[in-house]
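**Q** In my numbering, each residue's number is its place in the sequence shown (first place is 1) plus 51.
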Amino acid sequence: PFCDTTWVNSSPSCNRVAPLHEYTVAPGQIGSFEFWITAPDTGSYNESYLPVMENKAWLDTPSANFNLDTQPYTWNQGSQALYEDSSKLKVIDQNNLKPNTRYYSVFEIKNTGSIIWQKNSSTPASLGTAAPRDHMSNLCDTTWSGCNRPALIHEYTISPGQTGSYEFWIKTPSSTGTFKETFNPLIEGLNWMGMKNIELNYTVKN
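What follows is the structure, encoded as structure tokens:
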């Protein structure tokens with residue numbers, strides 16, 4: 052998947068990367084292979100390379116392994132708040148929530164990647180539960196598409212450099228105590244947006 056047009060046989064095989072960089076490498080000397088790679092759109096890969104004497108034999112040496120991750124979808128978190136309702140007029144203290152009560156949650160998020168996020172798309176920008184991913188949330192509300200998907204991005208499009216938001220209702224559990232819920236942005240059907248998460252720390256009191 053990292054095949055580049057500069058590779059020895061970039062078409063159609065993509066299995067010969069580069070010739071030895073030096074003209075000759077005598078016994079005891081060190082040689083090198085230098086080459087370009089073209090990263091695919093997204094994903095995590097483990098690439099292994101091994102020297103070969105063409106038409107003779109593969110060299111009996113450990114392969115060179117590279118763990119490569121391509122991630123065009125990156126973000127930074129902005130402000131977050133809980134409100135009494137969707138009018139967003141009254142901010143609620145996250146450490147003083149009532150049991151079995153609905154609140155309106157807003158997470159701001161900046162697109163620091165290279166691709167436009169879209170709401171009305173076959174691969175929309177969404178928010179999912181994380182740590183572990185896709186777990187069923189204790190804050191699940193009837194407005195969620197599933198208890199692992201609170202909301203799509205609020206705006207129709209978020210271009211690179213712009214800030215958007217996830218806005219959704221939560222419903223606190225009936226039990227009291229201090230809790231943490233974790234979320235991660237994702238592009239549905241393509242990829243989660245990195246390893247960092249959005250955390251909602253809250254306390255439910257009678």
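C-beta atoms are modelled at their ideal positions from N, C-alpha and C, and glycine is treated no differently.
Over what stretch of residues does the beta strand (DSSP E) that includes Ser177 continue unbroken?
**A** It spans 176-180 - the beta strand (DSSP E) in which Ser177 sits, taken as one unbroken run.
**Q** Report all residues from its chain with a CB closer than 6 Å to the CB of Pro201; omit the five preceding and five following residues, and keep chain order.
**A** Correct list, in chain order: Leu178, Trp195, Phe219.
**Q** Is it buried or exposed for Glu73, if we count other Cβ within 10 angstroms and need 16 for buried?
**A** With fewer than 16 other Cβ atoms within 10 Å, it is exposed.
**Q** For Ala269, count the other beta carbons within 10 Å of its own beta carbon; 16 or more makes it buried, fewer makes it exposed. Which is it?
**A** Missing from the structure shown is residue 269; the chain here goes from 52 to 257 and no further.
**Q** How close, in whole Å, do the beta carbons of Ile160 and Tyr217 come, if the pair is a contact with beta carbons under 8 Å?
**A** Contact holds; Cβ gap of about 7 Å.
**Q** When the Cα atoms are used, what is the spatial distance from Gly215 to Ile249?
**A** About 14 Å.
**Q** For a test of the three-state rule: what should DSSP assign to Pro236, helix, strand or coil?
**A** If DSSP states are grouped into helix, strand and coil, Pro236 belongs with the strands.
**Q** Can you give the beta carbon distance from Pro150 to Thr254, rounded, assuming they're within the 8 Å contact cut?
**A** Contact flag wrong, Cβ pair sits at about 11 Å.
**Q** With DSSP run on the structure shown, which of helix, strand or coil describes Tyr217?
**A** Strand, per DSSP.
**Q** With distances taken from CA atoms, which of Tyr207, Ile209, Ser173, Asn235 is nearest Asp185?
**A** When only C-alpha atoms are compared, the closest one is Asn235.
**Q** Buried or exposed: Glu232, going by 16 or more other Cβ atoms within 10 Å of its Cβ?
**A** Buried is the call here.
**Q** Which class does Tyr207 belong to by DSSP, given the choice of helix, strand or coil?
**A** Here Tyr207 sits in coil by DSSP.
**Q** Tell me whether Ile143 sits in a helix, a strand or coil according to DSSP, three-state version.
**A** Three-state result, Ile143: strand.
**Q** By Cβ distance below 8 Å, which residues in the same chain neighbour Gly240 in space, the five residues on each side in sequence not counted?
**A** Closer than 8 Å at Cβ, skipping near neighbours: Ser173, Thr174.
**Q** Contact defined as beta carbons within less than 8 Å: I believe Phe86 pairs with Thr57. What is the distance between those atoms, to the nearest angstrom?
**A** That belief holds up - the Cβ atoms of Phe86 and Thr57 are roughly 7 Å apart, short of 8 Å.
**Q** For Ile221 versus Ser156, is the C-beta spacing smaller than 8 Å?
**A** Going by C-beta atoms, Ile221 is nearer than 8 Å to Ser156.
**Q** Could you check what DSSP says for Tyr261 in three-state terms: helix, strand or coil?
**A** Residue 261 is absent from the model: the chain starts at 52 and stops at 257.
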